[in-house]
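Below you'll find the structure, written out as structure tokens, and then a few comments.
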Amino acid sequence: MSGIATAVDITLNSLVLGGVFLIVAVGLNIIYGLSRVMNLAHGSLYAIGAYTGYTIVSLGVNFFVALLLAPVIVGIVGLIIERIMIAPMRKRSMIYTLILTYGLMFFLDGLIKYSWGNEPRFIALPAFMRETLPIFGTHYPVFRLATLATTAAVMIGLMLFLNKTRIGMILKAASTIPEMVSCLGFNMNYIHIGAFVLGCALAGVAGIIAGPLTTIDPLMGHEMLISSFVVIVIGGLGSLRGAVFAALLIGLVQTLAEFFITDLAMVIVYMMMALILAFMPRGLFGEGKFE
């Protein structure tokens, strides 16, 4: 493989990996930014998205239909969790929801094992998505390109929703001045519900697009939760702009590290996180929020 082909492979792989990190981390950021809930069960919801997509596809449904249905189902699961578990704890210290979602993570992991077992699962892709396309001397999988397109579409859609729609602008305002939003007559309970459901749905999107990239297993969400927290720390807690740059940066660093020094890939990522935390505790753009 030529140097140009290798560079193209590394660049595209880093964008794919960073895109999955981004969707999960943005979901976490939205939940925290609007509800001040650090959802430790977010990785398990990501895994449920992958398993839900696998189940839908295995029933003979088109993959693209599954791509639409899985986030909706995960969003409904998020709605149930928010109403039954998160809402009663909302007026308490954040440590209560932290402990609660930590326990919820293990409950959901157990539920996944009970429902689908411990065996690894694989999402069957349409035939054309298993092909490759020649790009600058390399043959790149169509599905990975589709993953890039899906990530871009999700993020563009999310930005348009937050910046161009009335509901989106209310959500943005509620993340910075919730008291003012409440005084204007908007029901903060609905805003909290919407934020939690949206964040969970994004985890579902990431789960189903990551499913064909890797093996689906009950504990797949744990590694993703750690990676998404790294994105949040580097980008700044509650900062969407920081999450975008941090996810792409981590995707690039991890891909380069895995290519050149396989065994130390995550060590390098954690070292980078430690340096950011030491010298830029509010993230790359200084927009991080602390409670």
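Quick note: the sequence shown, position 89, residue 113 per the working numbering, numbers continuous. Beta carbons are placed, not taken as given, at the ideal position from N, Cα and C, and that holds for glycine.
Local Cβ density within 10 Å of residue i, reported as buried at 16 or more and exposed below that
i      : result
Phe87  : buried
Arg168 : buried
His216 : buried
Ser9   : Absent from the model: residue 9. The displayed extent of the chain is 25 to 315, so no value can be given.
Tyr214 : exposed
Met183 : exposed
Tyr320 : Residue 320 lies beyond the stretch modelled for the chain, which goes from 25 to 315, so this question has no answer here.
Phe152 : exposed
Ser38  : buried
Ile123 : exposed
Gly134 : exposed
Ile104 : exposed
Leu195 : buried
Ile47  : buried
Thr125 : buried
Phe284 : exposed
Thr171 : buried
Glu143 : exposed
Phe160 : exposed
Tyr294 : exposed
Phe131 : exposed
Ala271 : buried
Glu247 : exposed
Gly67  : buried
Start and end residues, beta strand (DSSP E) containing residue i
i      : result
Pro202 : That residue, Pro202, is in no beta strand (DSSP E); its alpha helix (DSSP H) goes 202–207.
Anticipated Cβ contact below 8 Å, residue i with residue j, distance rounded
i      : j      : result
Ala71  : Ile136 : 6 Å
Gly102 : Leu69  : 7 Å
Thr162 : Ala289 : 21 Å between Cβ atoms; not a contact.
Val277 : Met296 : 6 Å
Ser251 : Leu58  : Not a contact, Cβ separation roughly 22 Å.
Gly228 : Pro95  : 4 Å
Thr279 : Leu41  : 6 Å
Gly266 : Gly307 : 4 Å
Thr174 : Ile80  : Not really, about 16 Å apart at Cβ, beyond 8 Å.
Val257 : Phe45  : About 12 Å; that fails the 8 Å criterion.
Gly231 : Gly77  : 7 Å
Met118 : Met193 : That belief does not hold up - the Cβ atoms of Met118 and Met193 are roughly 26 Å apart, past 8 Å.
Pro236 : Leu149 : 5 Å
Thr121 : Ile110 : 6 Å
Ile292 : Ala281 : 5 Å
Residues sharing a beta bridge with residue i, DSSP
i      : result
Thr162 : Ile159
Arg145 : Ile240
Range of the contiguous alpha helix (DSSP H) that encloses residue i
i      : result
Asp33  : 27–59
Asn213 : 212–234
Pro95  : 87–105
Ala111 : Unbroken run through Ala111: none, as it is neither H nor E.
Met129 : 118–140
Ala302 : 289–303
Ile285 : First-last for Ile285: undefined, no H or E at that position.
Gly307 : Neither: Gly307 is in no alpha helix (DSSP H) and is coded neither H nor E.
Ala74  : 66–82
Mind the definition here: the stretch 193–209 touches the stretch 243–251 only if three or more C-beta pairs lie below 8 Å; say whether that holds. no
Does the stretch 47–67 come close enough to the stretch 254–264 to have 3 or more Cβ pairs within less than 8 Å? yes
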